[in-house]
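These notes are about the structure you will find just below.
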């Protein structure tokens, strides 16, 4: 197969190398987790911009953060709001200011630390009262980093099912539909634990189109999917007889109404905001190109599929100016 791009070209062309790096840095700067949270939580007249929460009437502010970008997001919250308690779950160590506490957990498959951390998130969230503010910070990887198996399932059941789904080529929306219906944490259940507190969820999205219920399996939002949907997905990828038997039994019980469905309505006093996503990154690259005196166009922000195959369409569709695909 002929390579679409030869890295040696940039090594021998400092001008174009600098241009590509400028676009790359422009994209990353625009989705920087710390900056994204800070610009959305910056207080004005003691009021949180999102949801208009008046901090004068708030007794405690609690941060619940999980995902690969959770430490940076939590630091921004602590630098912007008066934080009384906070738990951060991620897969890499990073210093955090008090009172934030960091817990390390497994990724891309959940482990015992993921379960222990998620239980602590639920416990801390459930301590919130109607006069408290809970800020939930979600980023990619959270589906694995924070997890609690349903009561009739084991962690190994979830691990094996997710491993099979990842290997099947199923899109993340379908993988997370199954995850949600095997979990006691996902699909709006964290929001249930936090009620009746004020809840603000800030999402750094790594999912195309940023459908909130499928980002980290939507722990703070209503779930539009069902147990029957999860069963259909396993059947579609011929996994019904490969996943652990307890998994199918659990899903069938749910589809038959013997297990309660996930929450289907959002709670009051809850605001959800996508603070950055692929479209944000593409716009950052476009602005960087224009700062360099170039004409740039964002061709799409919904690019999916195998990278080597999608790249062919990108090259064929590119014009003479800078064309950005995300």
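In my numbering, the protein residues as written are 2 to 327. Note that CB positions come from ideal geometry on N, CA and C, so glycine has one too.
- Note on geometry: alpha-carbon atoms of residue 313 and residue 92 lie some 34 angstroms from one another.
- Your pair residue 139 and residue 204 checks out as a contact, with CB atoms roughly 5 angstroms apart and the cut at 8 angstroms.
- The straight-line gap separating the alpha-carbon atoms of residue 256 and residue 246 is approximately 16 angstroms.
- Nearest neighbour of residue 273 by Cα position, chosen from 27, 79, 30 and 213, turns out to be 213.
- In the three-state DSSP reduction, residue 160 falls in the helix class (H, G or I).
- Counting C-beta atoms within 10 angstroms of its own C-beta, residue 153 has fewer than 16 neighbours from the protein chains shown and is therefore classed as exposed.
- C-alpha of residue 121 to C-alpha of residue 147: approximately 10 angstroms in a straight line.
- Under the three-state reduction of DSSP, residue 303 is assigned to coil, being neither helix nor strand.
- For the 9 angstroms CB-CB criterion, residue 105 and residue 88 do not form a contact.
- Taking the Cα positions, residue 282 is about 13 angstroms away from residue 210.
- In terms of Cβ geometry, residue 277 and residue 206 form a close pair [threshold 9 angstroms].
- The residues 64, 78 and 201, in chain order, have a CB closer than 6 angstroms to that of residue 136 in the same chain once the five nearest residues on each side in sequence are set aside.
- Secondary structure remark: continuous alpha helix (DSSP H) runs of at least 4 residues inside the stretch 25 to 107, in chain order: 34 to 42 and 71 to 81.
- Remark: C-beta atoms of residue 216 and residue 143 approach each other more closely than 9 angstroms.
- Taken in chain order, the unbroken stretches of beta strand (DSSP E) that lie wholly in the stretch 252 to 282 and span 3 residues or more are 271 to 277.
- Taking the Cβ atoms as the reference, residue 132 lies roughly 15 angstroms from residue 47, outside the contact range of under 8 angstroms.
- Under the three-state reduction of DSSP output, residue 172 falls in the coil class, being neither helix nor strand.
- The beta-bridge partner set that DSSP reports for residue 184 consists of 150.
- Distance check between residue 33 and each of 50, 54, 44 and 73 places 73 closest, using alpha-carbon atoms only.
- For residue 234, the enclosing alpha helix (DSSP H) has its first and last residue at 228 to 237.
- Counting only residues of its own chain and dropping the five nearest sequence neighbours on each side, residue 177 has a CB closer than 7 angstroms to the CB of 144, 215 and 218.
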